[in-house]
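Novice: Going by the UniProt record's numbering, the first residue of the sequence shown is number 1, and it counts up by one from there.
One structure, as structure tokens, below. Some questions next.
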Amino acid sequence: MHCPFCGANDTRVTDSRLVAEGDQVRRRRQCANCQERFTTYETAELIMPRVVKSDGSRESFNEAKLRDGMLRALEKRPVSAEAIEVSVERIRQTLRARGDREVNAREIGEAVMKALRSLDQVAYIRFASVYRKFQDLDEFRAEIDRLSQEPTDEPEGSGTQHGAS
């Protein structure tokens, strides 16, 4: 690694530690030429699958788009930012672990709906109404009836309460 101070390429690692819950390695380095110390971080470069949209076009996976969709559905709902980030990361890890080069946008949408269902039922209905293109109140009622008949999985620390109002 080149020294950021003098440009020499003779640096040595003086300390290495795992950080970011083991997803990163933090290294302290020292330049053999100028003796300056600096820190580097090493992470694995993991390729996310490409997304195949309903029209057949393909685009790169966009974590911000995933997060924005969830945030839009969860707007003004009592769900912590941490719970949202955990859900986004869980979806991302699931997609990456599959090892597929491509994933249908529909599968991502279903994963978001599953995550929202366990985070906040109102947000789930909001997202489902747009995602499934509800046309009238009957479609809302049918989805609410389906939701009320299925048991929910409460995530730890979501801070939301489900039930009758």
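For glycine and all other residues, C-beta sits at the position ideal for the given N, C-alpha and C.
(1) In the DSSP assignment, find the unbroken beta strand (DSSP E) run with S54 in it and report its ends.
(2) Once DSSP output is grouped into helix, strand and coil, what is the label at F61?
(3) Does the separation of the CB atoms of V88 and E110 fall below 8 Å?
(4) Among the candidates R26, R37, Q30, whose CA atom is the shortest distance from the CA of A44?
(5) Can you give the Cα-Cα distance for S118 and F38, rounded to whole angstroms?
(6) Considering only C-alpha positions, which residue in the set V13, E139, Y41 is nearest to D23?
(7) Please state the DSSP three-state secondary structure of R26.
(8) Smallest Cα separation from D55: which of M48, A105, D10, F127?
(9) Give the DSSP-derived three-state secondary structure of V130 in the structure shown.
(10) For my contact list, A115 and I144 are in at a C-beta cut-off of 8 Å; report their separation, rounded to the angstrom.
(11) Going by DSSP in three states, D136 sits in which element: helix, strand or coil?
(12) Looking at C-alpha atoms only, which residue of N9, R28, T11, R72 is the closest neighbour of R17?
(13) Would you report the Cα separation of H162 and S57, rounded to the nearest angstrom?
Specialist: In brief:
(1) First-last for S54: undefined, no H or E at that position.
(2) Coil, per DSSP.
(3) no
(4) Per the Cα distances, R26.
(5) 43 Å
(6) Y41
(7) strand
(8) A105
(9) helix
(10) With a Cβ gap of about 18 Å, A115 and I144 do not count as contacting.
(11) coil
(12) R28
(13) Its pLDDT being 43, under 50, H162 is placed unreliably in this model, and the value from its coordinates should be taken loosely. About 38 Å.
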